[in-house]
Amino acid sequence: SVQAFIMHRVVKMRLSQLNPHITCPLCAGYYIDATTIVECLHSFCRSCLLRHLAGSKCCPVCDILLHKTDPRKAIKADRSLQSLVYKLVPGLFKAEMTRRREFYRANPSRDLSLGPEGRGELAHPGDVVDETETLSVSLELVDPGGRLATTGEHRELRSDFVDLKRPCYLLTPACLTVGHLCTFIRLKLGLSPNQSVSIFYTDDCLSADYSVMDIAYVYSWRRRGPLRLFYAIVDKSKAQQPPPPPGFEGRLSTNKLAADQLSVGSSEAMDDDTSATESGSESDEDSGGR
């Protein structure tokens, strides 16, 4: 199944629900070397579209004329769509690279100025993660205020397994979740039930349902180094109300001042009304006496 992230909420979807958007109308298979027609934006596998254009100059779907003389000038490789397909369909990239290697091994004369991906020699591109591979992850401790824990602020934690002043480097399966990492940290540091663990990527707190592969995709990790994550430990029994965000104090004081002025104005109005009522009563009494 595929996970969709909607407002930090994980929604699981079946891949079959997305098939109409990632399959070629000509071969009914998943896009390989996705190519899009510039005029109508319909997409196809490159080989399927070129085979069709050998005998036609129109789009296979909407029948629009692509070009009067050379329809190849109206098509363009869609690398973003192809990358999305490789990310959504497990094992597709690996299987395609295997087929290409076998083809060019059997037909060495056909290997004409192709790149590593064209020959099937690319183990994994920078933006595609296979759920069966192992990824490098670093974990760094920060305090709840967001500072790296480079001092003795966390001496009460166990440090015989983890050096709190240095990142902890792990080789993790791509399908490992943030919840698993939280459990790992709890066990390694011997945390009590009153202590909770939160894991962050930069300033974003990660949901326990996110996998390492999800984080790599959501934040466009390019394998230029370990996937850098941060974790904070909060003692629930000592937790205090978090400070307001920057700039909020001014708005709060302004609102308080306005509320105070409104309260003072209301009090003065009430005093005026009371005085007017008392004056009216005295006038009535004088009139009655006369």
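Going by full-length UniProt numbering, the first residue of the sequence shown is number 1, and it counts up by one from there.
Each residue gets a CB set at the ideal place from its N, CA and C atoms; glycine is no exception.
These numbers come from a predicted model, not from an experiment.
1) So what's Leu171 in DSSP terms, helix, strand or just coil?
2) Assuming Asp33 and Gln82 form a contact by the criterion Cβ under 8 angstroms, report the distance between their Cβ atoms to the nearest whole angstrom.
3) Is the region 196-212 in contact with the region 174-187, if contact means three or more CB pairs nearer than 8 angstroms?
4) Here's the rule: buried if 16 or more other CB atoms are within 10 angstroms of the residue's CB, otherwise exposed. What is Asp63?
5) With 16 as the cutoff for other CB atoms within 10 Å, does Phe230 come out buried or exposed?
6) What is the DSSP secondary structure of Cys205, reduced to helix, strand or coil?
7) Does DSSP put Lys188 in a helix, a strand or coil?
8) Run the CB neighbour count on Thr35, radius 10 Å, all protein chains shown included, and call it buried at 16 or more, exposed below.
9) Given a cut-off of 9 angstroms on the beta-carbon distance, is the pair Ser43 and Cys27 in contact?
10) With DSSP run on the structure shown, which of helix, strand or coil describes Thr132?
11) Roughly how many angstroms separate the alpha carbons of Tyr169 and Leu135, rounded to a whole number?
12) Apply the 10 Å Cβ neighbour rule to Arg251 and answer buried if 16 or more other Cβ atoms are within range, or exposed otherwise.
13) Can you give me the C-alpha to C-alpha distance between residue 291 and Arg222, rounded to a whole angstrom?
14) Based on DSSP bridge pairs, tell me the residues matched to Asp235.
So, from the listed chains and residues:
1) In this structure, DSSP gives Leu171 an extended state, which the three-state scheme calls strand.
2) Asp33 to Gln82, Cβ: 7 angstroms. Contact.
3) Yes, they touch.
4) If you draw a 10 Å sphere on the C-beta of Asp63, you find fewer than 16 other C-beta atoms in it, and that means exposed.
5) By the Cβ neighbour-count rule, Phe230 is buried, with 16 or more other Cβ atoms within 10 Å of its own.
6) The answer is strand: DSSP assigns Cys205 an E or B state.
7) Helix.
8) Within a 10 Å sphere around the beta-carbon of Thr35 sit 16 or more other beta-carbons, which makes this residue buried.
9) Result no, Cβ atoms of Ser43 and Cys27 do not sit closer than 9 angstroms.
10) Correct three-state label for Thr132: coil.
11) Roughly 10 angstroms between the two C-alpha positions.
12) Its pLDDT being 48, under 50, Arg251 is placed unreliably by the model, and the measurement read from it follows with that caveat. So Arg251 counts as exposed.
13) The requested residue 291 does not occur in the structure, where the chain is confined to residues 1 to 290.
14) Answer by DSSP bridge pairing, in chain order: Gln195.
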